[in-house]
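Quick note, the sequences are listed as chains F and Z, same order.
Every number in the working numbering is 646 more than the matching position in the first sequence, counting from 1.
Mapping the second sequence onto the working numbering, position 168 (from 1) lands on 148, and the numbers just tick up by one.
A virtual CB, placed ideally from N, CA and C, is assigned to each residue, including glycine.
In this text, all values refer to a predicted model and were calculated from it rather than measured experimentally.
The structure under discussion appears below in the form of structure tokens.
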Amino acid sequence: MTSSRAAFAAILAKDLRSELRTLQSLPAMALFSVTTFVIFRFGLDRTSLSGSLAAGVLWATLLFAAVLGINRLFVAEREEGGFDAIRLAPIDRSVLFSAKAAALVIYLLALELVAVPIFALFFLHDLGGLAPLALVLLLADLGLAATGTLISSMAVNSRARDLLVPLVLLPLVVPLMIAATGATEPLLALGGPGYHRFGTWLMVLGLYDLIFGLVGYAVFDFLLED
Amino acid sequence: MYGKGLRPLSIATVAMLALSLSLVFFYAPLDADQGFIQKIFYLHVPLAIVALVGFVVGGVFAIAHLRTNNRKWDAYSYVSIHMSVIFGVAVLITGSIWAKASWGHWWVWDEPTLVSFLIVFLMYATYYPFRYAIEDPERQARYASVFAITAGAFVPLNFMAVRMAQSLVHPRTFGTANGGLPGEMMLVFLCCLATMALLWVTLVKFELTAKSASGQVKRLRRALDAPAPGAASRIAPEVS
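Following this line, the structure appears as structure tokens:
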């Protein structure tokens, strides 16, 4: 028990340290999301957004920025032999799944810490919805991390790596996006945040997190065998 | 060995198809509201149910593959998903025709069942490029099984999320306590459902037989040292 907790901490710390030193994912994700906001400003020809349009722009941008990070999640493991090391180490292999998913959650939270304030600065008049939005973001990040880690670990071992993540991940996260935009839409509505069906959507997000967290944890072992 | 019993099964399927179609056209009462076009219901709904069940069955075979490590189950899982994707194309086309006839549009976005089915279909359509991208056959089989299990868990969740997001227009055939279908229609419907399930099983068996035969031919050729004519499929799993 303690050994897998130690392994989890070690892998997570290794990932965060290498990201901090190389900065290969996070700056790109943040830059991508800011540029996408600018593109939406001209694509929609709107200088302020609210309701469903705001929710759609925010979530589409965050999702595509997340795909960038998910694409790179296991590249170092594959190129530098991290997979072999995990296979050799006397630890439970599912630890790699939970550590990578935790690292991805931290990346996504860091991305949102940059992207959401800029989104608010660009498009929103009323900032009252941002505090409850944090809860939606956190729950959606957990689900995105579970499916993202699973798909990324498979895609990295294939010929078509960068192609496979968006191709397989996007249909898989449709329910997550339905729930996240459903919860966000009333929060960013014109004239103050509303909470129409907020609890229901949070429950759907929680259910998604639970199911794909469990599925990922259960099947991840088979992805590392060789 | 997969070919055993294929002939009686095919004959039974053809007989059931003929029986179901004649029941649909000559026995089932005309719908008071929609008239003749409602008959597409007897094709569309059974196809959809069989396709969705087929996807889940593919996931169950995938679990069997991961548990036993027997490549046979991977072939079963592949063929199940393959056949369900083909059925899925038919579901989308018949659904579109029905929507045009009864609601006036080929595609209706605020209609949860149609949209959910499209998302599930798109999900499973990525199964092919996904398999194709992995070269090592061992690993391909394992990853495809993981995909099939994940997607199998995704099907019910997706239906729930889409249904919650939208208004309710689609006829909820079995939502109410006593089905909402008159007895004669229910009988014809069940007959059609059995026929479609039988058709699915027959086609799956045909594909498995064909794969097993071509696998045997390939092995014999290799034993004789003769080159294979044309490239073998790189996506489909081999059956021994």
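- Around the Cβ of Asn50 (chain Z), a 10 Å sphere holds fewer than 16 other Cβ atoms; the residue is exposed.
- Close to Asn803 (chain F), with beta-carbon spacing below 8 Å, are these residues of chain Z in chain order: Ile114, Arg119, Tyr123.
- The continuous stretches of alpha helix (DSSP H) do not include Glu871 (chain F), and DSSP gives it neither H nor E.
- Within the model, the alpha-carbon separation for Gly845 (chain F) versus Gly828 (chain F) is close to 11 Å.
- Counting along the chain, Gln196 (chain Z) sits inside the alpha helix (DSSP H) bounded by residues 163 to 204.
- Val25 (chain Z) has its alpha-carbon roughly 8 Å from the corresponding atom of Leu173 (chain Z).
- When DSSP states are grouped into helix, strand and coil, Asp11 (chain Z) belongs to the strand group.
- Flagged as an interface residue toward chain Z: Phe868 (chain F), by a C-beta distance shorter than 7 Å.
- Proximity to His62 (chain Z) across Z:Leu200, Z:Leu170, Z:Ala105 peaks at Z:Ala105, based on C-alpha coordinates.
- Of the candidates F:Ser799, F:Ala731, F:Ala766, F:Ser799 places its Cα closest to the Cα of Phe127 (chain Z).
- At a cut-off of 7 Å between beta-carbon atoms, Ile17 (chain Z) makes no contact with chain F.
- Residues of chain F whose Cβ lies closer than 9 Å to the Cβ of Pro109 (chain Z) are, in chain order, Ala806, Leu809, Leu810, Leu813, Val814.
- Runs of the alpha helix (DSSP H) spanning 4 or more residues and lying entirely within the stretch 43 to 120 of chain Z occur at 51 to 83, 92 to 105, 107 to 112, in chain order.
- Between the alpha carbons of Val751 (chain F) and Pro117 (chain Z) lies a distance of about 33 Å.
- Among the CB atoms of chain F, none fall inside 7 Å of the CB of Ala128 (chain Z).
- A buried status is given to Trp180 (chain Z), since no fewer than 16 other beta-carbon atoms sit within 10 Å of its beta-carbon.
- Against Ala133 (chain Z), the close residues of chain F are Ile857, Phe858, Leu860, Val861, in the order they occur along the chain (beta-carbon pairs closer than 9 Å).
- Judged by their CB atoms, Val4 (chain Z) and Tyr22 (chain Z) are nearer to each other than the 7 Å cut-off.
- Taken through DSSP and simplified to helix, strand or coil, Ser804 (chain F) comes out as coil.
- Cα atoms of Asp205 (chain Z) and Val197 (chain Z): separation of roughly 12 Å, rounded to the nearest angstrom.
- Among the residues of chain F, those whose CB is under 9 Å from the CB of Val142 (chain Z) are Val820, Pro821, Ile824, following chain order.
- Here Asp90 (chain Z) is not near Pro217 (chain Z), since their CB atoms are 7 Å or more apart.
- Between Phe41 (chain Z) and Val135 (chain Z), the C-beta spacing is not below 7 Å.
- Pairwise C-beta distances place the stretch 662 to 674 of chain F in contact with the stretch 709 to 727 of chain F, as three or more of them are shorter than 8 Å.
- A direct Cα-Cα distance of roughly 16 Å separates Gly775 (chain F) from Ala825 (chain F).
- When secondary structure is reduced to three states using DSSP, Tyr753 (chain F) falls in the helix class.
- Taking Phe67 (chain Z) as reference, the option from Z:Arg143, Z:Ile114, Z:Val100 with the minimal CA-CA separation is Z:Val100.
- Residue environment: Ile17 (chain Z) is assigned as exposed (fewer than 16 neighbouring CB atoms within 10 Å of its CB, all protein chains considered).
- Leu27 (chain Z) and Ala70 (chain Z) do touch by the CB rule: their CB atoms are close to 5 Å apart, below 8 Å.
- Leu708 (chain F) sits in a helix when the DSSP states are folded into three classes.
- Linking Phe139 (chain Z) to Leu94 (chain Z) through their CA atoms gives a straight-line distance of about 10 Å.
- Within the same chain, Cβ atoms closer than 8 Å to the Cβ of Glu665 (chain F) are found at Ser671, Leu672, Ala749, Tyr753, the five residues on either side in sequence being excluded.
- Here Val819 (chain F) carries a coil assignment [DSSP, helix/strand/coil].
- Across the set F:Ala735, F:His771, F:Phe710, the C-alpha of F:Phe710 shows the shortest separation from the C-alpha of Glu758 (chain F).
- Contact between the stretch 807 to 827 of chain F and the stretch -4 to 3 of chain Z is absent: fewer than 3 CB-CB pairs across the two stretches fall below 8 Å.
- The straight-line gap separating the alpha-carbon atoms of Ala835 (chain F) and Asp787 (chain F) is approximately 22 Å.
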